[in-house]
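For the sequence shown, the working numbering begins at 433 and goes up steadily by one.
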Amino acid sequence: MAPTIDEAERSFSGKRVLITGAAGFLGSHLCLRLSKAGASVTGADNLSVARPDWASLASQNGFETVPLDIRHGEEVRRGMAERSPEVVFHLAAVANPRACKQDFPLAFDVNVVGLENILRHAPATSRVVFMSSAAVYGAPERLPIDEGHPRKGSDPYSVTKIIGEDLAGSYKRNYGRSVAIVRNFNTFGVGQAGDYIVPQLIRQALTEGRMELWDPSTVRDLMYIDDTIDALVQVAASEDAGPINLGTGRGTTVGDLAAMIGRKVGGSLPIVDLKKKVVGSPALVSDNGRLQRLGWSERVGFEQGVDRTITWSRAQLAGAKA
Ligand SMILES: NC(=O)c1ccc[n+]([C@@H]2O[C@H](COP(=O)([O-])OP(=O)(O)OC[C@H]3O[C@@H](n4cnc5c(N)ncnc54)[C@H](O)[C@@H]3O)[C@@H](O)[C@H]2O)c1
Numbered sequence: 433m434a435p436t437i438d439e440a441e442r443s444f445s446g447k448r449v450l451i452t453g454a455a456g457f458l459g460s461h462l463c464l465r466l467s468k469a470g471a472s473v474t475g476a477d478n479l480s481v482a483r484p485d486w487a488s489l490a491s492q493n494g495f496e497t498v499p500l501d502i503r504h505g506e507e508v509r510r511g512m513a514e515r516s517p518e519v520v521f522h523l524a525a526v527a528n529p530r531a532c533k534q535d536f537p538l539a540f541d542v543n544v545v546g547l548e549n550i551l552r553h554a555p556a557t558s559r560v561v562f563m564s565s566a567a568v569y570g571a572p573e574r575l576p577i578d579e580g581h582p583r584k585g586s587d588p589y590s591v592t593k594i595i596g597e598d599l600a601g602s603y604k605r606n607y608g609r610s611v612a613i614v615r616n617f618n619t620f621g622v623g624q625a626g627d628y629i630v631p632q633l634i635r636q637a638l639t640e641g642r643m644e645l646w647d648p649s650t651v652r653d654l655m656y657i658d659d660t661i662d663a664l665v666q667v668a669a670s671e672d673a674g675p676i677n678l679g680t681g682r683g684t685t686v687g688d689l690a691a692m693i694g695r696k697v698g699g700s701l702p703i704v705d706l707k708k709k710v711v712g713s714p715a716l717v718s719d720n721g722r723l724q725r726l727g728w729s730e731r732v733g734f735e736q737g738v739d740r741t742i743t744w745s746r747a748q749l750a751g752a753k754a
């Protein structure tokens, strides 16, 4: 039987874990969770898109941070040799599809060359979890999207993730490495910045009293950050090589999301339909049967996740004003 999330978490006690992209949204939460579970955590990042509170998070929670640019093989080799991690979570990336489109060479260097450096220099016996994306599927032929769906993504971000998956698969097949490929759908929550849909709508609702949508009918599979971290821990604790969809299996239209945020923030706020074509797929919903078979189920969930994110965003905005 698959281990529960508590059992999976306990299996990390005393383990040496290296997390790349540690100062980012997902990485910072993973560092916190695993250091609380008793792992010996090293958070590696070049701080190109770091959380502003990263340094204080690390010092308050007592895990090691190391400056590391994954594009530089020698830096990666040294970092791995000095720490000899048993588990590597590879989350570092140019993670914003728009940023990838603006600078494809950078995206390639970080998302492809950087990943190859990680695979090459991680200890041969380590378990490596590579964070790919549902973007690899491109425009879906069917919903929900199972892992057997063709990979048709062709924008620069998707292409770097598709090549990354093939690299990881090749290291597994040719060198017997324990690599897991995870395809994340949409994670949201406390600590997420930038122009992603949930923080953007909450910010607009709180500061402008209205929300602007490119296309309210766009469907996304939205998972709260704590549930995503549960999934990563369960994947790492398993021997599954994936690819594994990391999604809730539930589609929410952006229009419904905005209406919900409006109700929670202050009655029903006006929603402006900009009637623009969205970047990326019009609809993404996961078939998450494989993830569930690893013992995963949602613990926080969508509604409570949105509540927590609104509370955090209010505090952030109040702090910025003070
Ligand atoms: N957030 C989501 O919903 C989502 C969805 C699908 C896939 N993903 C994937 O999950 C991973 C984490 O995403 P996130 O939302 O936390 O992104 P993020 O941008 O918050 O974090 C990425 C981190 O990588 C670091 N980084 C960038 N270039 C680096 C380099 N050359 N060397 C070392 N570190 C570098 C950045 O400084 C940043 O801290 C990424 O691989 C992303 O593609 C995320």
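Glycine residues also receive a C-beta, built at the ideal position from the N, C-alpha and C atoms.
{"Check": "Locate the beta strand (DSSP E) running through Arg615, then write down its first and last residues.", "Outcome": "610 to 616"}
{"Check": "Does the count of Cβ pairs from the segment 678 to 687 and the segment 715 to 735 closer than 8 angstroms reach three?", "Outcome": "yes"}
{"Check": "Leaving aside the five residues before and after Ser472 along the sequence, list all residues of the same chain whose C-beta is less than 6 angstroms from its C-beta, in chain order.", "Outcome": "Arg448"}
{"Check": "May I ask you to check if the CB of Asn616 is nearer than 6 angstroms to at least one heavy atom of ligand 1?", "Outcome": "yes"}
{"Check": "Considering Thr452, what are the terminal residues of the beta strand (DSSP E) in which it resides?", "Outcome": "448 to 452"}
{"Check": "Would you give the residue range spanned by the beta strand (DSSP E) that Asp477 belongs to?", "Outcome": "472 to 477"}
{"Check": "Taking a contact to mean a Cβ-Cβ separation below 7 angstroms, would you say Arg559 touches Val591 in this structure?", "Outcome": "no"}
{"Check": "Keeping to the same chain, check which residues put their C-beta closer than 6 angstroms to that of Ala752; ignore five residues upstream and five downstream.", "Outcome": "none"}
{"Check": "Rounded to whole angstroms, what is the Cα-Cα separation between Ser670 and Arg722?", "Outcome": "12 angstroms"}
{"Check": "Checking 7 angstroms against the spacing of the C-beta atoms, do Ala600 and Val611 come in under that value?", "Outcome": "yes"}
{"Check": "Judging by CA-CA distance, which residue of Asn618, Leu450, Pro499, Glu640 is the nearest neighbour of Pro529?", "Outcome": "Asn618"}
{"Check": "Kindly examine ligand 2 and report whether one of its heavy atoms sits closer than 6 angstroms to the Cβ of Gly601.", "Outcome": "The model depicted lacks ligand 2 and carries ligand 1 instead."}
{"Check": "Identify the continuous alpha helix (DSSP H) that holds Asp438 and give its terminal residues.", "Outcome": "437 to 442"}
{"Check": "For Ser700, count the other beta carbons within 10 Å of its own beta carbon; 16 or more makes it buried, fewer makes it exposed. Which is it?", "Outcome": "exposed"}
{"Check": "What's the call for Glu441, buried or exposed, on a 16-neighbour Cβ count within 10 Å?", "Outcome": "buried"}
{"Check": "Strictly by DSSP, which residues pair up with Pro648?", "Outcome": "According to DSSP, Pro648 bridges with nothing at all."}
{"Check": "Nearest to Gly712 by alpha carbon, out of Pro588, Glu496, Glu506?", "Outcome": "Pro588"}
{"Check": "Any heavy atom of ligand 1 closer than 6 angstroms to the beta-carbon of Phe457?", "Outcome": "yes"}
{"Check": "Taking the alpha-carbon of Pro648 as reference, which of Ile595, Leu689, Leu749 has the nearest alpha-carbon?", "Outcome": "Leu689"}
{"Check": "With DSSP collapsed to three states, give me the class of Phe495.", "Outcome": "coil"}
{"Check": "Could you pull out every residue in the same chain whose Cβ sits closer than 8 angstroms to the Cβ of Met643, ignoring the five residues on either side in sequence?", "Outcome": "Leu633, Gln636, Ala637, Ala690, Ile693, Gly694, Leu701, Pro702, Ile703, Val704"}
{"Check": "According to DSSP, is Asp719 helix, strand or coil?", "Outcome": "coil"}
{"Check": "Reducing DSSP to helix, strand and coil, say where Leu500 ends up.", "Outcome": "coil"}
{"Check": "Can you tell me where the beta strand (DSSP E) holding Arg559 begins and where it ends?", "Outcome": "559 to 565"}
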